[in-house]
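> Okay, here's the structure, questions in a sec.
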Amino acid sequence: MYYHLSNGKILRLSVDDPLPRSGLIGVLTPAQAHDSCPFFELSESSVEHAMHVRTAGLESHEHLDILFVPRFHNSTQTQDSLLRIFLSERTLLFVVQNTQQITQIIDRIATDGEPDISFSKLLCDYFETQAEVHYDYLSHIEEGIAALEETVTSGRERKSYLNAIAVLRQKQLALKRYFEQLLDLFAGIEANENDLFTERSLQRFHLLAGKTDRLYHSVLNLRDYITQLREAYQAQADLSLNAIMKLFTVITAIFLPLTLLVGWYGMNFQMPEYSYRYAYPVFIAVSLAIIGGLVFYFKKHRWF
């Protein structure tokens, strides 16, 4: 997809429209970018080099900045999850496998009719749109952790939450890496070695860097939150295990005297009780009395 930036406005170009030499904006896949290098005054080698870069940041060449932007896919990184942006004085090229999100953002900006659009302002608008997604996703994770913590501490459901906690931990680590890369990128933009960004845009990027830094520290706080959640779950599991062990201990303590009686009268010795006609009912009554007495004793001392 191609656009033309002219007089501070963005116009979407159709297939039949000629491509301008100045003010050209492209949103292309890697394959399309190789074929369109001449229109953006790029060499195929520079595009090929950029496609092999896997680390977010900014490279400054002569009259050209290449931005390697980490992609935000619900805080997960794929093998090639970078958006590559080629910025020069006269052209702007976005290279990404899935172009839908970028075209939607540019179409929205063009439809809103924002005044005095420039390449640097367009990039600011893109990153600000992403920042809104970051806030929403981070809030979603925090709500999920709070809900899981309430479930774990209440003990309403007796099941393992280790997998759920591990998933939250993976999301937190992915977000941490993502914001670290984004901060490195903003530092490169603020350096502005090729003077391709206006002063106003640099001020907006400085504010974006501040917001991203706050999000980054919020993610670091999430790590402590998840650790506390895991400890709370482990404590709850230990309490459940202790309750089970207490129950087994009480049962053993109740029936141990009966086991002694059975073993005593199970010996093959002649005992006078054997000839007593009420020996069996007395044995049952004594056993029930022992059980009742022990149960009363344990309940009085709140052992169960």
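107 is the number of the first residue of the sequence shown in the numbering used here; add one for each residue after it.
Cβ coordinates follow ideal geometry from the N, Cα and C atoms, glycine included.
Is the separation between the beta-carbon of Gln342 and that of Val258 shorter than 8 Å?
As a first step, residue 342 is located in the sequence shown; it is residue number 236 there, counting from the start. As a first step, residue 258 is located in the sequence shown; it is residue number 152 there, counting from the start. The answer is yes: Cβ separation under 8 Å.
> With Thr209 as the anchor, note down where its alpha helix (DSSP H) starts and where it stops.
Along the sequence shown, read from residue 1 onward, the residue named residue 209 stands at position 103. Gln206 to Asp218 is the span of the alpha helix (DSSP H), which, as asked, contains Thr209.
> In angstroms with no decimal places, state the Cα-to-Cα distance between Ala272 and Pro144.
The residue given as residue 272 occupies position 166 in the sequence shown. The residue given as residue 144 occupies position 38 in the sequence shown. Roughly 48 Å separates the two Cα atoms.
> May I ask you to verify whether the region 129-140 touches the region 237-251, counting CB pairs closer than 8 Å and requiring at least 3?
Judged by Cβ distances under 8 Å, the region 129-140 makes no contact with the region 237-251, as fewer than three pairs qualify.
> Report the residue ranges of all beta strand (DSSP E) runs contained in full by the region 113-145; include only those spanning at least 3 residues, in chain order.
Counting only runs of 3 or more, we get 115-118 and 130-134.
> Using alpha carbons as the reference points, say which of Pro176, Val121, His312 and Thr197 lies closest to Gln287.
Here the question's residue 287 lines up with position 181 in the sequence shown. Among Pro176, Val121, His312 and Thr197, the Cα nearest to that of Gln287 belongs to Pro176.
> Helix or strand or just coil, what does DSSP make of Arg306?
Position 200 of the sequence shown, counted from the start, is the residue given in the question as residue 306. Three-state result, Arg306: helix.
> Please tell me whether Ile212 and Ile116 are closer than 8 Å, where the distance is taken between their beta carbons.
Numbered from its first residue, the sequence shown carries residue 212 at position 106. Numbered from its first residue, the sequence shown carries residue 116 at position 10. Cβ distance < 8 Å, so Ile212 and Ile116 count as in contact.
> Between the alpha carbons of Pro221 and Arg336, how many angstroms are there, rounded?
The count along the sequence shown starts at 1 and reaches residue 221 at position 115. The count along the sequence shown starts at 1 and reaches residue 336 at position 230. The alpha-carbon atoms of Pro221 and Arg336 are separated by roughly 51 Å.
> Going by the CB atoms, is the gap between Thr205 and Met107 shorter than 8 Å?
The count along the sequence shown starts at 1 and reaches residue 107 at position 1. The count along the sequence shown starts at 1 and reaches residue 205 at position 99. Contact: yes.
> If you count every other CB in all the chains shown that lies within 10 Å of the CB of Ala293, and 16 or more means buried, which is it?
Along the sequence shown, read from residue 1 onward, the residue named residue 293 stands at position 187. Exposed is the call here.
> Can you grab the Cα-Cα spacing for the pair Gln376 / Trp370, in whole Å?
Counted from its first residue, the sequence shown places residue 376 at position 270. Counted from its first residue, the sequence shown places residue 370 at position 264. Cα-Cα distance, rounded: 12 Å.
> Is there contact here, the region 153-164 with the region 187-194, by at least three beta-carbon pairs under 8 Å?
Contact holds: three or more Cβ-Cβ distances are below 8 Å.
> Please classify Gln276 as buried or exposed, where buried requires at least 16 neighbouring CB atoms within 10 angstroms.
Your numbering for residue 276 matches position 170 in the sequence shown. So Gln276 ends up on the exposed side.
> Per DSSP, what are the beta-bridge partners of Ser51 in this structure?
Past the edges of the chain, shown from 107 to 410, lies residue 51, and the structure says nothing about it.
> Would Val121 and Phe200 be called neighbours here (beta carbons separated by less than 8 Å)?
Start at 1 with the first residue of the sequence shown, and residue 121 comes out as number 15. Start at 1 with the first residue of the sequence shown, and residue 200 comes out as number 94. No, they are not a contact pair.
> Flag this pair as yes or no: are the beta carbons of His169 and Ser142 separated by less than 8 Å?
As a working note, residue 169 is residue 63 in the sequence shown. As a working note, residue 142 is residue 36 in the sequence shown. Cβ atoms of His169 and Ser142: not closer than 8 Å.
> What's the C-alpha gap between Ile360 and Gly398?
Position 254 of the sequence shown, counted from the start, is the residue given in the question as residue 360. Position 292 of the sequence shown, counted from the start, is the residue given in the question as residue 398. Looking at the two C-alpha atoms, the distance is approximately 9 Å.
> Quick one: what's got a C-beta closer than 8 Å to Lys317's C-beta in the same chain, skipping five residues either side?
The count along the sequence shown starts at 1 and reaches residue 317 at position 211. Correct list, in chain order: Ala237.
> Considering only residues of the same chain and omitting the five flanking positions on each side of Glu147, which have a CB-CB separation below 8 Å?
The residue you call residue 147 lines up with position 41 of the sequence shown. Closer than 8 Å at Cβ, skipping near neighbours: Ser194, Arg196 and Thr197.
> Compare the C-alpha of Ala216 against each of Ala349, Gly250, Leu125 and Leu111 and name the closest.
Taking the first residue of the sequence shown as 1, we reach residue 216 at position 110. Of the listed residues, the one whose Cα sits closest to Ala216 is Leu111.
> Once DSSP output is grouped into helix, strand and coil, what is the label at Tyr81?
Given that the chain is displayed from residue 107 to residue 410, the structure contains no residue 81 and the question cannot be resolved.
> Phe303 to Phe285, Cα distance in whole Å?
The count along the sequence shown starts at 1 and reaches residue 303 at position 197. The count along the sequence shown starts at 1 and reaches residue 285 at position 179. Distance between the alpha carbons of Phe303 and Phe285 is about 22 Å.
> Below 8 Å between beta carbons: does that hold for Gln278 and Arg329?
Working through the sequence shown from its first residue, we reach residue 278 at position 172. Working through the sequence shown from its first residue, we reach residue 329 at position 223. Cβ atoms of Gln278 and Arg329: closer than 8 Å.
> Just the Cα atoms here: how many angstroms apart are Val368 and Ile390?
The count along the sequence shown starts at 1 and reaches residue 368 at position 262. The count along the sequence shown starts at 1 and reaches residue 390 at position 284. So the two alpha carbons sit approximately 11 Å from each other.
> CA-CA distance, Gly372 and Ser393?
What you label residue 372 is simply residue 266 of the sequence shown in a count that begins at 1. What you label residue 393 is simply residue 287 of the sequence shown in a count that begins at 1. Spanning the two alpha carbons is a distance of roughly 15 Å.
> Verify whether the separation of the beta carbon atoms of Ala162 and Phe174 is less than 8 Å.
Numbered from its first residue, the sequence shown carries residue 162 at position 56. Numbered from its first residue, the sequence shown carries residue 174 at position 68. Yes; because the gap between Cβ atoms is below 8 Å, this pair is in contact.
> Identify whether Arg320 lies in helix, strand or coil by the three-state DSSP scheme.
On the sequence shown, residue 320 is found 214 positions in, with the first residue counted as 1. Looking at Arg320 - three-state DSSP - the assignment turns out to be helix.
> By a C-beta neighbour count over all protein chains shown, 10 Å radius and 16 as the cutoff for buried, is His240 buried or exposed?
Here residue 240 refers to the residue found at position 134 when the sequence shown is read from its first residue. Counting Cβ neighbours within 10 Å, His240 comes out buried, since at least 16 surround it.
> How would you write the range of the beta strand (DSSP E) that Val201 sits in, first residue to last?
Here residue 201 is taken as the residue at index 95 of the sequence shown, counted from 1. Segment Thr197 to Val201, the beta strand (DSSP E) holding Val201.
> When you compare the CB positions of Leu313 and Asn298, do they come within less than 8 Å of one another, or not?
Sequence index remark: in the sequence shown, residue 313 carries index 207 (1-based). Sequence index remark: in the sequence shown, residue 298 carries index 192 (1-based). No, they are not a contact pair.
> Do you know how far the Cα of Lys282 is from the Cα of Gln183?
For the purposes of this step, residue 183 is taken as the residue at position 77 of the sequence shown. For the purposes of this step, residue 282 is taken as the residue at position 176 of the sequence shown. Since pLDDT at Gln183 reaches only 44, below the 50 mark, its modelled position is unreliable, and no value is offered.
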